[in-house]
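Protein chains: 2
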Amino acid sequence: MSDVARAAGVHQATASRALNPSTSDLISTATVRRVQAAAEELGYTPNTAARSLRTNQSYTVGVLLPDLTNPLFPPIVRGIEEVLTEQGYTALLANTDNDEKREAAQFAALLGRQVDGFILATGLRDHPLVERAQAEGRQLVLVNRGTDVPRFPVVSGDDASGIGAAVDHLVALGHRKLAHLAGPHRMSTGVIRLRGFRSAVGRHGLAAADTTVAECSGYTVAAGEAAMRAVLDSAPEVTAVLAGNDLIAVGALHVLREHGLSCPEDVSLIGFNDMRFVDELSPPLTTVRVPHAELGREAARLLLRRLDEPELVTSVVLPTELVVRESTAPPRVG
Amino acid sequence: MSDVARAAGVHQATASRALNPSTSDLISTATVRRVQAAAEELGYTPNTAARSLRTNQSYTVGVLLPDLTNPLFPPIVRGIEEVLTEQGYTALLANTDNDEKREAAQFAALLGRQVDGFILATGLRDHPLVERAQAEGRQLVLVNRGTDVPRFPVVSGDDASGIGAAVDHLVALGHRKLAHLAGPHRMSTGVIRLRGFRSAVGRHGLAAADTTVAECSGYTVAAGEAAMRAVLDSAPEVTAVLAGNDLIAVGALHVLREHGLSCPEDVSLIGFNDMRFVDELSPPLTTVRVPHAELGREAARLLLRRLDEPELVTSVVLPTELVVRESTAPPRVG
DNA sequence: AAGCTCTATGCAATCGATTGCATTCCCACT
DNA sequence: AGTGGGAATGCAATCGATTGCATAGAGCTT
Chain A
1 MSDVARAAGV HQATASRALN PSTSDLISTA TVRRVQAAAE ELGYTPNTAA RSLRTNQSYT
61 VGVLLPDLTN PLFPPIVRGI EEVLTEQGYT ALLANTDNDE KREAAQFAAL LGRQVDGFIL
121 ATGLRDHPLV ERAQAEGRQL VLVNRGTDVP RFPVVSGDDA SGIGAAVDHL VALGHRKLAH
181 LAGPHRMSTG VIRLRGFRSA VGRHGLAAAD TTVAECSGYT VAAGEAAMRA VLDSAPEVTA
241 VLAGNDLIAV GALHVLREHG LSCPEDVSLI GFNDMRFVDE LSPPLTTVRV PHAELGREAA
301 RLLLRRLDEP ELVTSVVLPT ELVVRESTAP PRVG
Chain B
335 MSDVARAAGV HQATASRALN PSTSDLISTA TVRRVQAAAE ELGYTPNTAA RSLRTNQSYT
395 VGVLLPDLTN PLFPPIVRGI EEVLTEQGYT ALLANTDNDE KREAAQFAAL LGRQVDGFIL
455 ATGLRDHPLV ERAQAEGRQL VLVNRGTDVP RFPVVSGDDA SGIGAAVDHL VALGHRKLAH
515 LAGPHRMSTG VIRLRGFRSA VGRHGLAAAD TTVAECSGYT VAAGEAAMRA VLDSAPEVTA
575 VLAGNDLIAV GALHVLREHG LSCPEDVSLI GFNDMRFVDE LSPPLTTVRV PHAELGREAA
635 RLLLRRLDEP ELVTSVVLPT ELVVRESTAP PRVG
């Protein structure tokens, strides 16, 4: 602000340099102090628009996610927002509802706002946006759900080992007939967790006939209900169910109850994500905890780092952890 | 963009006017079409920074809330975001953790980003920010939690009548000894709901001795536990509990269970908000539904309207609704 | 046909900060 | 004392869109 410069008795350019930490070493410390004092005095706040216009940077990142209302996302967004504001950035939020059109529109809107980068938390397996971001010269990191394209940085939980731990737990309890209510195959997490399930049961030497897999049409309670029904129909002998996520597990619980089966006595059940309040269900749900807030934080950190070193491609995998509660127990004898 | 102007064979100013709906009637329709075609062709996206710089508007609003992780807020934010993007605006999110310092810092950051207005979802009863926003000439609307100052537009649910319906329900079931686990008095919802409770029990002619009130230190499960314990100590005769919100109700449920009391047989329990998943508790919680997404939408609409007519002060009260599930039943006879 | 009006468009200043280059001034070195 | 070098600061262009004012035509009136 030129007022500040005038008040401090210097040229506007000097004021600008004095106020900017990365250029303030060009200016004598005495002047810097004078300028800062004047800025303070006048209650100066820099005009971000002007800065963006000149520097072509907005200190803003776009966060695209399917639906904030899905309990999975708030902690992620929270984590993102935390490290972003710490660094003087802010997050622009956009919900896509997993709708390609909305997604493209939101993406364009964010582009118009000159976001410096994107964090994508949407789940489709291969993603046109990823390419477009690159074409537009914008950085992008994926969180929680990856693409199959390995050229892009992804921050995710170690789903495979989480599923592995869950299967280990069930097998250790004595279960042999397992079912997996898989997430949709069009989402990366769906296939990754399924793969994890397959490899884990293989490790325990379970036969293919011992395991049933039903694909859910989405990560929703209703889809979980449908899948659980399908499993009960086709493989009534299963004693343990591993759900693709907690929402699916809730659906499964409904159907078990509806069929007069009790959990964990008749059927053990494990969820995924450790969503808020799954410990309040009855029975409290055994599930795989994913450190969502930390996922968000890492994603933001990674994006910020890439803003400096664009070529850097790193992916971060955060450990997951099995949280044993009361929805798992040894199978009934006999 | 001057490229567009060149491509359409017109002056940049003409292009600008043609592309802007509010000025495009100054330009012949033929030219408008030509310019739009050129813009389309070149994939032109306006530079928001330049526009903001010139117009001193950012088409951006700041949303301040305590903690996105609180299940209350995602639907509100979702609603806000919905109508904002519809109108070409976007939301900047900031979490304050109910900490005055963080809140002030976030507010300043948002100001620096030239937000056109603020939506405040933070709960403290009187709020320095409200004044400051006005001083800075920024519009502001409060959502869900009001101030005592009536000069500011507030969008909220009709808490009093929700509480009233809850009390009616309990009394109709035959309950006479009621307790209210009130939200903190420093939050407006805390006092409003308490007031609602008082007036409702008065309406039913219940004596002061019939009702117990315990103030919770916050809208949290832990605070609910503490308050419920206090009530069981001081007034073990209560047969029905009205919680200040669902989180408090969850805490109450814990303590009831811990004391070997069953819900609803021994004690009926009603929550507030109809948070996601309270229907999955056992028992599924009877609660007062507040239309949070609609609250958010209304808040955004109201803010947008005030951006046009700054003097307009309207507050919106949305109806609430009692959702009866299985945590309420007639009191035990005797 | 001259003059007037009105519409469509061009011109150029402007918003506020950043930054390459030029300039000034001081000091040290020989 | 003169010169070279560096540190500190000033100068002015620049980012891209908006907008008040000026201007060029076209059409109408008398």
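The listed protein sequences derive, respectively, from chains A and B.
Numbered per our numbering, the first sequence spans residues 1 to 334.
Numbered per our numbering, the second sequence spans residues 335 to 668.
Backbone N, C-alpha and C define an ideal beta-carbon position, used for all residues, glycine too.
Alpha helix (DSSP H) segment containing residue i, residue limits
i: isoleucine 163 of chain A; result: 159-173
i: isoleucine 582 of chain B; result: 580-592
i: leucine 304 of chain A; result: 292-308
i: glutamate 311 of chain A; result: That residue, glutamate 311 of chain A, is in no alpha helix (DSSP H); it is neither H nor E in DSSP.
i: glutamate 420 of chain B; result: 407-420
i: alanine 133 of chain A; result: 128-135
i: valine 32 of chain A; result: 29-42
i: arginine 436 of chain B; result: 434-446
i: glycine 536 of chain B; result: 522-537
i: arginine 276 of chain A; result: Per DSSP, arginine 276 of chain A belongs to no alpha helix (DSSP H) and is neither H nor E.
Buried versus exposed call for residue i [16 or more other C-beta atoms within 10 Å across all chains shown]
i: threonine 662 of chain B; result: buried
i: glutamine 473 of chain B; result: buried
i: glutamate 437 of chain B; result: buried
i: asparagine 390 of chain B; result: exposed
i: threonine 286 of chain A; result: buried
i: asparagine 354 of chain B; result: exposed
i: aspartate 580 of chain B; result: buried
i: histidine 345 of chain B; result: exposed
i: glycine 491 of chain B; result: buried
i: aspartate 233 of chain A; result: exposed
i: arginine 367 of chain B; result: exposed
i: leucine 594 of chain B; result: Residue 594 of chain B is actually glycine in this sequence, not leucine. So glycine 594 of chain B counts as exposed.
i: alanine 467 of chain B; result: buried
i: aspartate 493 of chain B; result: buried
i: alanine 37 of chain A; result: exposed
i: alanine 209 of chain A; result: exposed
i: threonine 60 of chain A; result: buried
i: valine 555 of chain B; result: buried
i: serine 533 of chain B; result: exposed
i: alanine 207 of chain A; result: exposed
i: glycine 396 of chain B; result: buried
i: threonine 654 of chain B; result: buried
Cross-strand partners of residue i (DSSP beta bridge)
i: glycine 605 of chain B; result: B:Thr621
i: alanine 214 of chain A; result: A:Leu181
i: glutamine 473 of chain B; result: B:Gly451
i: glutamate 559 of chain B; result: Paired residue(s): none; glutamate 559 of chain B is not in a bridge.
i: serine 2 of chain A; result: BP columns for serine 2 of chain A are empty, so no partner.
i: valine 489 of chain B; result: B:Val477 and B:Val650
Cβ-Cβ separation, residue j to residue i (assumed contact under 8 Å), whole Å
i: histidine 626 of chain B; j: isoleucine 453 of chain B; result: Not a contact, Cβ separation roughly 13 Å.
i: aspartate 450 of chain B; j: leucine 641 of chain B; result: 6 Å
i: alanine 249 of chain A; j: glycine 224 of chain A; result: 7 Å
i: phenylalanine 608 of chain B; j: valine 622 of chain B; result: Sequence inspection shows aspartate at residue 608 of chain B; the phenylalanine mentioned does not correspond to that position. Yes, they are in contact, since the Cβ atoms of aspartate 608 of chain B and valine 622 of chain B sit about 7 Å apart, within 8 Å.
i: valine 535 of chain B; j: threonine 545 of chain B; result: 5 Å
i: leucine 587 of chain B; j: leucine 603 of chain B; result: 6 Å
First through last residue of the beta strand (DSSP E) which encompasses residue i
i: valine 63 of chain A; result: 60-65
i: alanine 455 of chain B; result: Careful: alanine 455 of chain B lies outside any beta strand (DSSP E) and carries neither H nor E.
i: threonine 90 of chain A; result: 90-95
i: alanine 574 of chain B; result: 574-577
i: leucine 318 of chain A; result: 316-318
i: tyrosine 323 of chain A; result: Note that residue 323 of chain A is valine in the sequence shown here, rather than tyrosine. 321-323 is the span of the beta strand (DSSP E), which, as asked, contains valine 323 of chain A.
Among the options, the one whose alpha carbon lies nearest that of residue i
i: valine 324 of chain A; options: A:Arg195, A:Ile163 and A:Arg17; result: A:Ile163
i: valine 651 of chain B; options: B:Pro487, B:Ser596 and B:Leu590; result: B:Pro487
i: leucine 399 of chain B; options: B:Ala499, B:Pro664, B:Ile604 and B:Val475; result: B:Val475
i: glycine 79 of chain A; options: A:Ala226, A:Val155 and A:His11; result: A:Val155
i: alanine 439 of chain B; options: A:Ala108, A:Glu86, A:Lys101 and A:Leu92; result: A:Glu86
i: lysine 435 of chain B; options: B:Pro462, B:Val525 and B:Thr546; result: B:Pro462
i: valine 670 of chain B; options: B:Ser533, B:Leu528, B:Ala541 and B:Ala560; result: Not covered by the structure: residue 670 of chain B. The range shown for chain B is 335 to 668.
i: threonine 348 of chain B; options: B:Asp337, B:Ile361 and B:Ser356; result: B:Ile361
i: glutamate 215 of chain A; options: A:Pro184, A:Leu178 and A:Arg113; result: A:Pro184
i: phenylalanine 272 of chain A; options: A:Glu40, A:Leu242 and A:Ala209; result: A:Leu242
i: proline 331 of chain A; options: A:Leu295, A:Ser315, A:Asp266 and A:Gly296; result: A:Asp266
i: lysine 511 of chain B; options: B:Ser358, B:Val397, B:Glu416 and B:His538; result: B:His538
i: serine 161 of chain A; options: A:Gly196, A:Tyr59, A:Arg186 and A:Asp25; result: A:Gly196
i: alanine 342 of chain B; options: B:Ser356, B:Ser358, B:Ala364 and B:Ala634; result: B:Ala364
i: glutamate 660 of chain B; options: B:Leu636, B:Thr654 and B:Glu614; result: B:Glu614
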